[in-house]
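Visitor: The structure under discussion is supplied below as structure tokens; questions concerning it will follow.
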Amino acid sequence: MKRRAIASFFIAAAITLNGCMSTRQSALDATGIEARSILHLWWFFLILLGTIFAIVMILTLGALLRRQPASERQFVEQHHTPPQERERKLSRMVSGAGVITGLILFALIVISVITGKSIAPSGASNALLVTVHGNQWWWYFSYDNDDASKIVVTANELHIPVGRPVLIRGTSLDVIHSFWVPNLMGKRDLIPSRITEEYLTADRPGRFRGQCAEFCGLEHAKMALWIIAEPPDQFQAWMNQQLQPSVAPDDPDKQRGLQVFLNHECIFCHNINGTPAHGQVAPDLTHLASRSTIAAGTLPNTKGNLAGWIADPQRIKPGNYMATVPLESGDMQPLVDYLESLK
Amino acid sequence: MRIIAVAAGCLALASCQTGKENLRPAPARLAVYSDAARESQIQPGGALTEPNVTNPDYGSAFAISEGQRLFDWYNCSGCHAHGGGGIGPPLIKTQWIYGGEPANIFDTIVKGRPNGMPSWGGRIPQYQIWELVAFVRSLNHEEPTASTAPRGDNIEINPANITNKAQGETK
Amino acid sequence: MSTLAELPSPQLAAELEAEHQALRRVWNDRGGFWGWFSVTTHQAIGMRYIVTAFIFLLLGGVEALLMRFQLARPENTLLGPDLYNRIFTTHGTTMMFLFAVPVMEGMSVYLVPLMIGTRNVAFPRLNAFGYWMYLAGGLVLYGAAFFNALPNAGWFSYPPLSGPQYSPGKGVDVWAQMITFTEISAMCVAVEIIVTIFRMRAPGMSLNRIPLFCWGSLVQSFMVIFAMPSVMIASTVMLLNDRTIGTHFVNPAEGGDPLLYQHVFWFFGHPEVYIIFIPALGMISSILEADTRRGVLGYPAIVLSQVATAFIGFGLWVHHMFATGLPQIGEAYFTAASMMIAITTGIIIFCWIATLWSGRLRLTTALHFVFGFLFIFVIGGLTGVMLASIPLDLQEHDTYFVVAHFHYVLIGGALFPLFGAFHFWFPKFTGRMINETLGKITFWMLFIGFNVTFFPMHILGLNGMTRRIYTYPVEMGWGPANALATVGACIIALGGILFIANVLNSRKNGKVAGSDPWQAGTLEWAAASPPEPYNFVRLPVVNGRYPLWLPAEERAAVTGMRTDKREILITASVDAEPQFLHVLPSTTIWPFLAALGATIGLVGSILTFSWYYVAVVLAGIGLLGWFWPRRPLEQEG
Chain P
807 MKRRAIASFF IAAAITLNGC MSTRQSALDA TGIEARSILH LWWFFLILLG
857 TIFAIVMILT LGALLRRQPA SERQFVEQHH TPPQERERKL SRMVSGAGVI
907 TGLILFALIV ISVITGKSIA PSGASNALLV TVHGNQWWWY FSYDNDDASK
957 IVVTANELHI PVGRPVLIRG TSLDVIHSFW VPNLMGKRDL IPSRITEEYL
1007 TADRPGRFRG QCAEFCGLEH AKMALWIIAE PPDQFQAWMN QQLQPSVAPD
1057 DPDKQRGLQV FLNHECIFCH NINGTPAHGQ VAPDLTHLAS RSTIAAGTLP
1107 NTKGNLAGWI ADPQRIKPGN YMATVPLESG DMQPLVDYLE SLK
Chain D
25 MRIIAVAAGC LALASCQTGK ENLRPAPARL AVYSDAARES QIQPGGALTE
75 PNVTNPDYGS AFAISEGQRL FDWYNCSGCH AHGGGGIGPP LIKTQWIYGG
125 EPANIFDTIV KGRPNGMPSW GGRIPQYQIW ELVAFVRSLN HEEPTASTAP
175 RGDNIEINPA NITNKAQGET K
Chain F
4 MSTLAELPSP QLAAELEAEH QALRRVWNDR GGFWGWFSVT THQAIGMRYI
54 VTAFIFLLLG GVEALLMRFQ LARPENTLLG PDLYNRIFTT HGTTMMFLFA
104 VPVMEGMSVY LVPLMIGTRN VAFPRLNAFG YWMYLAGGLV LYGAAFFNAL
154 PNAGWFSYPP LSGPQYSPGK GVDVWAQMIT FTEISAMCVA VEIIVTIFRM
204 RAPGMSLNRI PLFCWGSLVQ SFMVIFAMPS VMIASTVMLL NDRTIGTHFV
254 NPAEGGDPLL YQHVFWFFGH PEVYIIFIPA LGMISSILEA DTRRGVLGYP
304 AIVLSQVATA FIGFGLWVHH MFATGLPQIG EAYFTAASMM IAITTGIIIF
354 CWIATLWSGR LRLTTALHFV FGFLFIFVIG GLTGVMLASI PLDLQEHDTY
404 FVVAHFHYVL IGGALFPLFG AFHFWFPKFT GRMINETLGK ITFWMLFIGF
454 NVTFFPMHIL GLNGMTRRIY TYPVEMGWGP ANALATVGAC IIALGGILFI
504 ANVLNSRKNG KVAGSDPWQA GTLEWAAASP PEPYNFVRLP VVNGRYPLWL
554 PAEERAAVTG MRTDKREILI TASVDAEPQF LHVLPSTTIW PFLAALGATI
604 GLVGSILTFS WYYVAVVLAG IGLLGWFWPR RPLEQEG
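This is the structure:
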């Protein structure tokens, strides 16, 4: 009974320590081709280096346990020079260990370089090209296309088709950020004045959370993103939806909401296609209701959360750049109704 | 005859208002506008004691930095460049058209001014206006040196690098 | 008092006593208020470095505890983002600049002259100046807290975040200028250690006979001289000037390059960790020799490995930048170098394990810390090999995996040896034995607490927890591991408190230690405990690597040196043949005044650039007084 309790405690600890959600934001839950390569490399390193650690520790503890028995204690206080033969043997073993270390490390270098090449930008011709701009503290995404009318702009949530490589090409508009979705690929810094690239490929549908991985100021902790991998037909349907202009308000309540939006400073920062609002410095709201979170992954996208966010953004993400706009009591509900209609 | 009577009646109705004497204005119209943003030095009657309207964000490095950000985001730099002026007058100067005290600048931003300065009152909250005031004053070394950023990061108004508009986007 | 040889005759004993008295008169520091600012003896200054660094360690530890309490629960509200950012920046800055490097320097300044058989460092006034600059730098950083100007852009302050637009206020300016102070201090110590080790060794102590601790100090000092200017360029020339006088070195909006800052900073930043680590290697060697009752196996191998580590350490810096999209071939070179350095450190560790195998172990507290070092540092080194691999680094960079790694190598590789060194040299510093039982309890608390705190961070990092976040959502599942880490941090804190209590108690009530309680072999154990300000009444002559393990007949001393002036013996660089005698300056307040002038000017220049000129003038006055021409000290009075 006690043994079972102890065992279940350890299992629970292991599970909780490791988290037990299906697609948690973890490099160990590799769902993309690149992430899986990295994960295999990780297991190889872990097992090999863990074995080396065990060997070194056994040798160290062996030295500890080989301490002279009590009968020779009387000589412990004097210094001594070990016999030459023994010294030479030990020196040879040290040299040998050094050589083996070198060989193992060389092998690790080779394997790392090979894996690195396999995940590097490869110029795949059918890649979906996505531009990422890091901003303090949200993500701008645009699906590039030679045909300007087919460019989709969105924020904080990226949809990608399963099985097709996606080329993430990014930069930052203010400070250095880092684009990281551990389930799919390692991270890539977004550096102002430079463009960096990486490929990622999802091979299963799913929802993958990512997070900014380079300290970027006050709300670095709350700059998350979601990547939704979908079968190609669902993805195409989503793209077509995103290409539409915003849903026009269809009842007086939502029309009032649009007016509230246009009459306050929302219009200075946000863009809603099909309305006069063309601000470029804040997330694009044209299809806000099609996203699952708001404030860069901070809150689930519900009417209540949206109202709370608009009413007092500084409470949820203190220091973020959204203005605190005082709205009259009758204005909030129509505004939220309108925004949540923007599918 | 009837027409004349009706026309006379309408005229009478229309002229009713002109004789009306509004002896007791509604309370909202009793407010005396703040005299802190005074633009003329001459006052009738005796000298009033001026209410002390100071910028609550005076000396705050954070507020000046926010003002710098808002100056760009709200496109003040579109007319005023980074203080040097262009379509609009320069903001780095000693002779202010409408006064250079914090209250004056606040007034300018809220009310707008003739010849193109938009009126921002009612569109952006007061705390952001004070941040902009602090920034504009800092351009003229009216804020403590310890809080003032030495120069804007961006000397060009619209640098050729990237904005959040995707290439080729026309919407 | 103690001397090298047994006293063969009362006549010799009387002679030595007279020399003791004379030397004591000459070498004693002046007492009183101004005397405290005029000290130039290396033991006093070394101890000041150590105590000051320890205070900064405690402050950094408090900051760490605050962070851990904030992160113990998801969505905790103990610290808001602004305060958290300032605290983690100050924690990193304190530990790296105000604790780790100065404490190693302090140990070197204290022990190197003792180990090589001389009376002081080569430049006593420079030594004092370096300490005052270090203290000033620390006070500048913590003084900024009273002005709401603590830095908040991380301990390496990447631009553009740390530039004038995104970090308004004086916080990052304070950070950048504080680096000026600490780096001047480090350079002072580096210069004097190199000259001391090369030119002031006891006759007969050729370079292959100096203790491994001195080799560690020597290698570290060379690294300091090459690395510190790089951080000065990054922080002061590039970042501080961008922030204060409108240059655009690293401002991308006007053609500057943020990556340039990263390159220049990490060119310093990587050697910095070896600057911290290599003296610790020296400490381990010293402890091992005394507690295994034999000289370390493979002395030449260890020396060459340390030198090779230093060289290779300058070629690794891009591994901090693997995620920045640099060309693959270039990055692959740094992968190779970063892994190859494991060979040199590995050889040193293998030599030590061989020493342990063939030695006769005396399980003192210091040896406990050596074993702790081996366990923790090897884990840290192996996770370092993982991070050297670019694909793995792309997942682990800037996550708690890296936090775990560097705490394992820094705490395991520097702090554990340091605590072992404190317990080992405590009798030498204070004249009393430290309580071994409490010391061993301290070790276990630190060891267990450390592993409980930092091992879960490996898993947290792989599970997506990024660095420098002030909170995290409940759904991430990171709560339990973070809570565990906080518990571990509390254990570490208790261990630290126990250590302080042990030190304070043992200083008063510990068993009186003779000059050589461990029967060790190196020269510092020939001096009194605590050492007289002149270290040895007669400078020793050395005939082997472990002079105190030679039979008494083979030990000799230098006679005929002056006892009315602070005279030392200069010997040749390689073979330590005596060359000439030299008189060192005694107590003087000018180093303090020069440092004070420089401090006033440098602090003012944070606010207004023109105060640089004030700094030049005031420091110039101080230097004038310092170097005012006089008759050679040999001829004075």
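Protein chains in written order, with my numbering: chain P, 807 to 1149; chain D, 25 to 195; chain F, 4 to 640. Positions of the beta carbon are idealized from the N, C-alpha and C atoms, including for glycine.
Is it right to say Phe149 of chain F is buried, meaning 16 or more other beta carbons lie within 10 angstroms of its own, or is it exposed?
Guide: exposed
Visitor: Are there three or more Cβ pairs, one per stretch, closer than 8 Å when the region 356-376 of chain F is compared with the region 288-301 of chain F?
Guide: yes
Visitor: Does any CB atom of chain F fall closer than 9 Å to the CB of Met827 of chain P?
Guide: Only weak support exists for where Met827 of chain P lies, its pLDDT of 37 falling under 50; the value from the coordinates is given anyway. Yes, because at least one Cβ of chain F sits closer than 9 Å to the Cβ of Met827 of chain P.
Visitor: With H, G and I counted as helix, E and B as strand and the rest as coil, what does DSSP make of Gln223 of chain F?
Guide: helix
Visitor: Give me the DSSP bridge partner(s) of Tyr1005 of chain P.
Guide: P:Leu973
Visitor: For Ala31 of chain D, name the three-state secondary structure that DSSP assigns.
Guide: helix
Visitor: Return helix, strand or coil for Ala1030 of chain P, following the three-state DSSP convention.
Guide: Ala1030 of chain P: strand per DSSP, three-state reduction.
Visitor: Can you name, in chain order, every residue of its own chain whose Cβ lies under 8 Å from the Cβ of Asn932 of chain P, other than the five neighbours on each side?
Guide: Arg970, Pro971
Visitor: In whole angstroms, give me the CA-to-CA distance for His886 of chain P and Arg296 of chain F.
Guide: 6 Å
Visitor: Return helix, strand or coil for Ser828 of chain P, following the three-state DSSP convention.
Guide: Caution is warranted here: a pLDDT of 41 is assigned to Ser828 of chain P, below 50, making its placement in the model unreliable, and no coordinate value can be reported.
Visitor: Kindly say whether Ile148 of chain D, judged by its beta-carbon, lies nearer than 9 Å to any beta-carbon of chain P.
Guide: With respect to chain P, the C-beta atom of Ile148 of chain D has a partner C-beta closer than 9 Å.
Visitor: Looking at the C-beta of Thr445 of chain F, does it have a partner C-beta in chain P at a distance below 9 Å?
Guide: So no, Thr445 of chain F is outside the interface.
Visitor: Return the CA-CA distance between Leu621 of chain F and Ala139 of chain F, expressed in angstroms with no decimal places.
Guide: 15 Å
Visitor: Pro126 of chain D: buried (16+ other C-beta within 10 angstroms of its C-beta) or exposed?
Guide: buried
Visitor: Figure out for me which residue from F:Ile344, F:Gln331, F:Met448 has the closest Cα to the Cα of Ala924 of chain P.
Guide: According to the sequence provided, residue 924 of chain P is Ser. The question's Ala does not apply to it. When only C-alpha atoms are compared, the closest one is F:Gln331.
Visitor: Going along chain F, which residues have a C-beta under 7 Å from Gln884 of chain P?
Guide: Arg296
Visitor: Give the C-beta separation of Asn962 of chain P and Ala1102 of chain P to the nearest angstrom, bearing in mind that I take them to be a contact with Cβ-Cβ under 8 Å.
Guide: Right, the Cβ-Cβ distance comes to about 5 Å (below 8 Å), so this counts as a contact.
Visitor: Would you list, in chain order, the members of the region 138-168 of chain D that have their beta-carbon closer than 7 Å to a beta-carbon of chain P?
Guide: Arg147, Ile148, Pro149, Gln152
Visitor: Tell me which residues of the region 107-125 of chain D have at least one Cβ-Cβ distance to chain P shorter than 7 Å, keeping chain order.
Guide: none
Visitor: On the premise that Thr338 of chain F lies in contact with Ile864 of chain P, defined as a C-beta separation below 8 Å, what is that separation, rounded to the nearest angstrom?
Guide: Between Thr338 of chain F and Ile864 of chain P the Cβ distance is about 29 Å, and since that is not below 8 Å, they are no contact.
Visitor: For Ala105 of chain D, decide whether its Cβ has a neighbour in chain F, counting only Cβ atoms nearer than 9 Å.
Guide: no
Visitor: With which residues is Pro967 of chain P paired in a DSSP beta bridge?
Guide: P:Glu1036
Visitor: Residues of chain F with CB under 7 Å from Asp950 of chain P, in chain order?
Guide: Correct list: empty, because the minimum Cβ distance to chain F is about 18 Å.
Visitor: Have a look at the DSSP bridge pairing and note the partners of His1084 of chain P.
Guide: DSSP lists P:Asn1077 as partners of His1084 of chain P.
Visitor: Checking contacts by CB at 9 Å: is Asn546 of chain F closer than that to chain P?
Guide: Cβ-Cβ to chain P under 9 Å: no for Asn546 of chain F.
Visitor: Just mark Thr247 of chain F as buried or exposed, buried being the case when its beta carbon has 16 or more other beta carbons within 10 Å.
Guide: With 16 or more other Cβ atoms from the protein chains shown falling within 10 Å of its own Cβ, Thr247 of chain F counts as buried.
Visitor: Quick one: Cα of Ser5 of chain F to Cα of Ala304 of chain F, how far?
Guide: Here Ser5 of chain F scores only 40 on pLDDT, less than 50, and its place in the model should not be relied on; the value that follows carries that caveat. If you take the alpha carbons of Ser5 of chain F and Ala304 of chain F, they lie about 34 Å apart.
Visitor: Rounded to whole angstroms, what is the Cα-Cα separation between Gly166 of chain F and Leu60 of chain F?
Guide: Roughly 28 Å between the two C-alpha positions.
Visitor: Rounding to the nearest angstrom, what Cα-Cα distance links Ala417 of chain F and Ile379 of chain F in this structure?
Guide: Their Cα atoms are separated by approximately 11 Å.
Visitor: With a threshold of 9 Å between beta carbons, is Arg1097 of chain P in contact with chain F?
Guide: no
Visitor: Going by DSSP in three states, Leu1133 of chain P sits in which element: helix, strand or coil?
Guide: Assigned with DSSP and collapsed to three states, Leu1133 of chain P falls in coil, not helix or strand.
Visitor: Under DSSP, the beta strand (DSSP E) around His983 of chain P begins and ends at which residues?
Guide: 983-985
Visitor: So, at 7 Å on beta carbons, what are the nonlocal neighbours of Arg1062 of chain P in its own chain, with the 5 sequence-adjacent residues on each side left out?
Guide: Pro1140
Visitor: Using beta-carbon positions only, say whether Leu572 of chain F and Pro550 of chain F come within less than 9 Å of one another.
Guide: No.
Visitor: Would you mind giving the Cβ-Cβ distance between Glu1036 of chain P and His965 of chain P, rounded to the nearest angstrom? I have them listed as a contact below 8 Å.
Guide: 6 Å
Visitor: Let me confirm a value: Asp1057 of chain P is counted as buried when at least 16 other C-beta atoms fall within 10 Å, else exposed. Which label applies?
Guide: exposed
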